[in-house]
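Before any comments, here is the structure.
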Amino acid sequence: MSDFSQEADWLRRVDGIRQHTRRADGGQRAPNKPLLLLYALALLQNDHTSVIVYNDTYHKKMENLLSAFGRPQDAQQPQLAFRYMTSNQEINRLWQVDTNKGADIEAFQSGTEYSGFKLKKLEAVGRLPASDEAMLLERPDLIRVTARRLLDKNWPPSLHADICDRLGLTLDLSPQAIMEDMQLSAELAALTSCEDSSDDQQDSRQRRDPAFRKLVLRAYEYKCAICKWDGRMGTGGTVALEAAHLRWHSSGGPDEPSNGLALCSIHHKLLDFGVLGLTVERRVLVSQDFVGGETTKRVTALSGKPLEDTQLPEHTPDEDHILWHEREVFKGPARPFV
Ligand SMILES: [Zn+2]
């Protein structure tokens with residue numbers, strides 16, 4: 005296998021982890037595996053190894069990451085990625101788990117035992133397969149390409165920098181590096197999609213419609229749908245006003261105004277973090293978990309506030325997209341309406 009096909013094979017396996025995470029009605033997020041992979045990539049960058057010892061520190065760290073960037077749920081389960089990425093199919097394998105105790109790791113992999121407690125007791129150690137690790141250590145650009153693809157496919161752009169900061173992952177943001185990464189990513193994607201047309205379809209689904217921003221901002225008359233922010237800079241147009249997706253683009257959300265909200269930067273970020281949500285009556289939800297000092301009262305006071313109307317009724321947020329956001333992103337329970 006030449007170096008290039010090994011790289012394409014790696015990316016094909018990384019792209020493949022999404023296939024196990026879709027459900028019939030579409031769009032259930034499954035951030036465990038992408039977060040574990042990003043964690044391993046950050047380790048490669050910083051410590052030149054992907055080895056993770058499954059101890060209390062790791063469990064807690066990943067639990068916190070999942071609370072911040074995962075689905076809203078009562079109990080996060082960091083151990084699941086350790087299990088699910090050790091696929092039985094050799095060709096798809098992305099993660100190896102071994103134990104220092106010589107205990108029954110097979111039972112763990114087959115699913116009869118996979119609690120975090122069990123992993124800690126077994127002194128389980130996970131890592132990328134050695135050949136992948138060696139390849140990535142020689143190709144820092146492939147680490148970046150992989151990380152960018154994982155971020156693009158699982159989170160909205162507004163959260164990418166936060167995720168990288170929390171993981172200690174460095175993505176070169178110079179225009180030249182981005183250009184080079186995009187080129188390599190496209191070349192490798194072309195190699196992998198030839199083999200599997202469903203990947204091709206998924207990639208085209210990921211493409212963004214450049215008209216989305218304009219349509220959404222116009223629908224809300226160029227102001228934040230929550231706070232009416234409409235700051236402008238001379239004749240340079242709006243400042244800190246963005247088009248947000250309710251159902252994330254990465255989860256199949258369409259680039260249509262009925263899936264969009266014009267929001268100021270802070271309300272966009274709070275929506276994507278799950279601090280803010282919407283009811284189907286289009287009133288603002290605020291998470292009970294969101295707390296802070298005096299200035300955060302500007303956010304908690306939004307609870308129950310009606311969203312601004314769109315110019316055209318057909319651009320009103322779609323109920324399905326609102327409910328997707330509530331189920332997959334909003335970190336309930338919501339505060340009582342004020
Ligand atoms: Zn706003």
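When the letters of the sequence shown are read in order and numbered with our numbering, they come out as residues 5 to 342. The C-beta atom is built at its ideal place from N, Cα and C for all residues, glycine as well.
One or two residues paired with residue i in a DSSP bridge
{"i": "leucine 146", "result": "According to DSSP, which records beta bridges pairwise, leucine 146 is partnered with nothing at all."}
{"i": "leucine 282", "result": "Val288"}
{"i": "threonine 242", "result": "Arg236"}
{"i": "leucine 155", "result": "Per DSSP, none; premise fails for leucine 155."}
{"i": "glycine 264", "result": "His249"}
{"i": "alanine 338", "result": "Ser291"}
Spatially closest choice to residue i from the options, by CA coordinates
{"i": "glycine 74", "options": "Leu123, Pro160, Ala46", "result": "Pro160"}
{"i": "lysine 124", "options": "Lys64, Ala193, Tyr43", "result": "Lys64"}
{"i": "aspartate 13", "options": "Thr196, Ser54, Gly31", "result": "Thr196"}
{"i": "asparagine 104", "options": "Val295, Ile56, Leu141, Thr90", "result": "Ile56"}
{"i": "alanine 244", "options": "Leu48, Lys232, Asn68", "result": "Lys232"}
{"i": "aspartate 145", "options": "Ile182, Lys157, Ile326", "result": "Ile182"}
{"i": "leucine 154", "options": "Ala248, Ala165, Val18", "result": "Val18"}
{"i": "valine 342", "options": "Val295, Val290, His319", "result": "Val290"}
Residue i: CB within 7 Å of a non-hydrogen atom of ligand 1
{"i": "isoleucine 270", "result": "yes"}
{"i": "isoleucine 230", "result": "yes"}
{"i": "leucine 267", "result": "yes"}
{"i": "tryptophan 99", "result": "no"}
{"i": "tryptophan 252", "result": "no"}
{"i": "tryptophan 233", "result": "yes"}
Extent of the continuous beta strand (DSSP E) to which residue i belongs
{"i": "valine 129", "result": "128-131"}
{"i": "valine 101", "result": "100-103"}
Element boundaries [alpha helix (DSSP H), containing residue i]
{"i": "leucine 274", "result": "269-277"}
{"i": "isoleucine 230", "result": "Where isoleucine 230 is concerned, there is no enclosing alpha helix (DSSP H), given that its DSSP letter is neither H nor E."}
{"i": "tryptophan 328", "result": "323-332"}
**Study point:** Cβ pair count under 8 Å reaching 3, the stretch 76-86 against the stretch 122-141
**Key:** yes
Practice item. Inspect the CB distances between the stretch 143-152 and the stretch 184-191 and report whether three or more fall short of 8 Å. Key: yes
Review point. Counting pairs of beta carbons, one from the stretch 210-217 and one from the stretch 246-266, are three or more of them closer than 8 Å?
Key: yes
Exercise for review: Determine contact between the stretch 223-239 and the stretch 307-315, defined as no fewer than three beta-carbon pairs at a distance below 8 Å.
Suggested key: Output reads yes: the stretch 307-315 touches the stretch 223-239.
Review point. Do the stretch 133-141 and the stretch 45-62 make contact, defined as three or more Cβ pairs closer than 8 Å?
Key: yes
Check your understanding: Three or more C-beta pairs closer than 8 Å, one from the stretch 266-281 and one from the stretch 325-335: is that the case here?
Key -> Yes: the two stretches touch, three or more of their Cβ pairs being nearer than 8 Å.
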